[in-house]
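Mapping of the sequence shown onto this note's numbering: residues 2 to 312, in sequence order.
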Amino acid sequence: MKFKNTHKDSQTTDESIYVNRRKLIKAGIIGSASLLASNSMALSLPKATENSEFLIDELTSEKDATTYNNFYEFGLSKSDPVENAKDFKTEPWTVEVDGLCENKGTFDLEKLISNFSLEERIYRMRCVEAWSMVIPWTGFKLADLIKYCKPLSSAKYVYFETLYDPKQMPGQKGRSIPWPYREGLRMDEAMNELTLMAVGMYGKQLPNQNGAPLRLVTPWKYGFKGIKSIVKIKFLDKQPINSWQAIAPQEYGFYANVNPEVDHPRWSQATERRITGGFSLFNSRIKTQMFNGYSDYVASMYKGMDLTKLY
Ligand SMILES: Nc1nc2c(c(=O)[nH]1)N[C@H]1C(S)=C(S)[C@@H](COP(=O)(O)O)O[C@H]1N2
Ligand SMILES: [Mo]
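Laid out in structure tokens, this is it:
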């Protein structure tokens with residue numbers, strides 16, 4: 002897949018420091034880079050400012066972020082996806098848009114992406130299993146895709162599905178999850194400026210094990226909301242049920258907002274093990290923040306909701 006160059010800046014910088022557009026910078030959501038259109042994909046990043054007040058947490062090493070994965074379609078252990086997704090075919094790729102919208106159809110991903118501007122953003126990512134990473138994603142805003150689809154006013158939720166192809170995805174031969182993997186967002190969550198459709202990470206095309214060629218990124222929610230290898234997007238008037246909710250509704254809800262005050266029935270969510278890289282895989286335990294530290298961007302969407310019930 003080729004990416005369109007959507008950004009004027011074209012300086013490169015060290016991976017550990019990035020500076021971004023003013024607004025997102027404030028929340029430590031850094032990024033705004035571009036991918037250059039060329040035969041071999043290349044990424045250009047805005048130049049970082051030394052001693053910037055905007056520096057955020059240390060990035061997780063690319064190696065850890067791409068070899069320690071949950072992607073049950075390729076196996077249940079964290080080391081399975083990198084092994085078993087090697088030959089996964091992500092080109093050509095189509096995305097079906099269906100449900101309560103005007104612009105329905107089956108779209109070629111490469112053409113679809115050319116309608117949107119790509120940017121790079123560094124997000125803290127928190128898995129429900131209480132480990133976390135800091136990852137530089139490249140993607141476009143889901144809001145842009147939604148506008149492109151022209152949803153009807155009756156559309157209240159956006160629903161996503163992963164590819165179902167047991168020949169390529171050996172995990173789908175088992176019944177660990179009701180396949181295909183399913184997720185959903187309320188329309189305001191989907192339109193939130195933090196919500197990205199990622200096509201790359203660490204300045205490169207998404208590796209298969211991280212959800213190539215297109216996956217969802219919602220950094221204020223637990224990792225399982227970040228549905229990978231998306232083939233279908235549907236606009237609904239009713240709240241869908243996601244895969245983990247279907248398996249264990251007492252453990253996994255629809256919202257899946259990171260919340261240190263609401264424990265998982267089997268473990269605490271108050272702290273997390275931050276994976277940065279270096280000598281040991283889990284090198285520090287830190288306090289988990291409400292909405293994973295993104296309250297300024299998302300808390301208003303949940304005003305008046307009982308988050309202990311609507312977890
Ligand atoms: N289709 C699909 N998407 C998925 C999963 C999965 O098993 N299948 N696992 C989820 C979970 S639990 C996590 S923590 C993230 C991990 O994303 P990463 O590999 O980029 O860290 O993917 C999410 N998306
Ligand atoms: Mo997860």
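The beta-carbon is built from N, C-alpha and C at its ideal position, and this holds for glycine as well. Remember, predicted model here, so these are calculated numbers, not experimental data.
- [ ] Kindly indicate the opening and closing residues of the beta strand (DSSP E) around Tyr295.
- [x] Counting from 1 along the sequence shown, the entry for residue 295 is found at position 294. No beta strand (DSSP E) holds Tyr295; DSSP gives it neither H nor E.
Open item on the list: Could you check whether Gly201 and Leu207 sit closer than 7 Å to each other, using their CB atoms as the reference points?
Closed with: Residue mapping note: residue 207 aligns to position 206 of the sequence shown, counting from 1. Residue mapping note: residue 201 aligns to position 200 of the sequence shown, counting from 1. Their beta carbons are under 7 Å apart, which means Leu207 touches Gly201 by this criterion.
Open item on the list: If you follow the beta strand (DSSP E) that Met170 is in, where does it begin and where does it stop?
Closed with: Working through the sequence shown from its first residue, we reach residue 170 at position 169. Note, Met170: premise wrong, no beta strand (DSSP E); not H, not E.
Task: Buried or exposed (CB count within 10 angstroms, at least 16 for buried), Ile234 - done: Position 233 of the sequence shown, counted from the start, is the residue given in the question as residue 234. Per the 10 Å Cβ criterion, buried.
- [ ] Indicate, with yes or no, if ligand 1 has a heavy atom lying under 6 Å from the CB of Gly227.
- [x] Numbered from its first residue, the sequence shown carries residue 227 at position 226. Yes.
- [ ] Leaving out five residues on either side along the sequence, give the residues of the same chain with a beta carbon under 7 Å from the beta carbon of Gln246.
- [x] For the purposes of this step, residue 246 is taken as residue 245 along the sequence shown, with counting starting at 1. Result list for Gln246: Tyr253, Gly254, Phe255, in chain order.
TODO: Check whether the region 179-188 touches the region 221-231, taking contact to mean three or more Cβ pairs, one atom from each stretch, closer than 8 Å.
DONE: yes
Task: Sequence-distant residues of its chain with Cβ nearer than 8 Å to Gly305 (five each side left out) - done: Along the sequence shown, read from residue 1 onward, the residue named residue 305 stands at position 304. Here the set comprises nothing.
TODO: Verify the contact flag: Gly224, CB atom, against every heavy atom of ligand 2, threshold strictly below 6 Å.
DONE: Position 223 of the sequence shown, counted from the first residue, corresponds to residue 224. Result yes, Cβ under 6 Å from ligand 2.
TODO: Output yes or no for whether 7 Å exceeds the beta carbon distance between Thr61 and Val135.
DONE: As a first step, residue 61 must be located in the sequence shown, where it is residue number 60. As a first step, residue 135 must be located in the sequence shown, where it is residue number 134. Yes, the Cβ-Cβ distance between Thr61 and Val135 is below 7 Å.
Task: N- and C-terminal bounds of the beta strand (DSSP E) containing Thr196 - done: The residue you call residue 196 lines up with position 195 of the sequence shown. Looking at the DSSP string, Thr196 is not in any beta strand (DSSP E), and its letter there is neither H nor E.
Open item on the list: Using 7 Å as the threshold, is the C-beta distance between Lys222 and Asn258 below it?
Closed with: As a position in the sequence shown, residue 222 is number 221, starting the count at 1. As a position in the sequence shown, residue 258 is number 257, starting the count at 1. Against a cut-off of 7 Å, the Cβ pair of Asn258 and Lys222 comes out as a contact.
Task: Beta-carbon spacing of Ser230, Thr163 below 7 Å - done: Residue numbering aside, residue 230 sits at position 229 when the sequence shown is read from its first letter. Residue numbering aside, residue 163 sits at position 162 when the sequence shown is read from its first letter. Contact: yes.
Open item on the list: Could you check if Val159 belongs to the surroundings of ligand 2, using beta carbon to heavy atom distance under 6 Å?
Closed with: For the purposes of this step, residue 159 is taken as the residue at position 158 of the sequence shown. No, since every heavy atom of ligand 2 falls outside the 6 Å radius drawn around the Cβ of Val159.
Task: Where the beta strand (DSSP E) containing Asp99 begins and where it ends - done: Numbered from 1 along the sequence shown, position 98 holds the residue referred to as residue 99. Counting along the chain, the beta strand (DSSP E) containing Asp99 begins and ends at 95-100.
- [ ] Below 6 Å CB to CB, which residues in the same chain sit around Asn71 once its five sequence neighbours on both sides are set aside?
- [x] Numbered from its first residue, the sequence shown carries residue 71 at position 70. None.
Open item on the list: Tell me which residue opens and which closes the alpha helix (DSSP H) that Val83 is part of.
Closed with: Start at 1 with the first residue of the sequence shown, and residue 83 comes out as number 82. It spans 81-85 - the alpha helix (DSSP H) in which Val83 sits, taken as one unbroken run.
- [ ] Report yes if the C-beta distance between Glu111 and Gly172 is below 7 Å; otherwise report no.
- [x] By 1-based counting over the sequence shown, the position of residue 111 is 110. By 1-based counting over the sequence shown, the position of residue 172 is 171. Against a cut-off of 7 Å, the Cβ pair of Gly172 and Glu111 comes out as no contact.
Task: Whole-Å CB distance - Lys174 paired with Pro181, under 8 Å assumed - done: Here residue 174 refers to the residue found at position 173 of the sequence shown. Here residue 181 refers to the residue found at position 180 of the sequence shown. Not really, about 13 Å apart at Cβ, beyond 8 Å.
Task: alpha helix (DSSP H) runs wholly inside the region 189-276, at least 4 long, in chain order - done: 244-248
Task: Pairwise C-alpha distance: Arg267 and Asn104 - done: For the purposes of this step, residue 104 is taken as the residue at position 103 of the sequence shown. For the purposes of this step, residue 267 is taken as the residue at position 266 of the sequence shown. The straight-line gap from Cα to Cα measures roughly 43 Å.
Open item on the list: Between which residues of its own chain and Leu113 is the CB-CB distance below 7 Å, once the five residues before and five after are set aside?
Closed with: Taking the first residue of the sequence shown as position 1, residue 113 is located at position 112. Only Val96 meet the Cβ criterion.
Task: Rounded C-alpha distance that separates Phe141 from Cys128 - done: In the sequence shown, residue 141 corresponds to position 140, counting from 1. In the sequence shown, residue 128 corresponds to position 127, counting from 1. In a straight line, the C-alpha of Phe141 is about 22 Å away from that of Cys128.
- [ ] Measuring alpha carbon to alpha carbon, tell me which of Ala131, Thr91, Thr309, Trp94 ends up nearest Ile276.
- [x] The count along the sequence shown starts at 1 and reaches residue 276 at position 275. Ranking the options by Cα distance to Ile276, first place goes to Ala131.
- [ ] Quickly, what does DSSP pair Tyr160 with across the bridge? List them, please.
- [x] Indexing the sequence shown from 1 puts residue 160 at position 159. DSSP lists Gly185, Lys235 as partners of Tyr160.
TODO: Please say whether Tyr312 and Pro220 have beta carbons closer to each other than 7 Å?
DONE: For this step, residue 220 is matched to residue 219 along the sequence shown. For this step, residue 312 is matched to residue 311 along the sequence shown. For Pro220 and Tyr312, no; Cβs fall outside 7 Å.
Open item on the list: Based on DSSP bridge pairs, tell me the residues matched to Lys288.
Closed with: Locating residue 288 in the sequence shown gives position 287, where the first residue counts as 1. Paired residue(s): Thr272.
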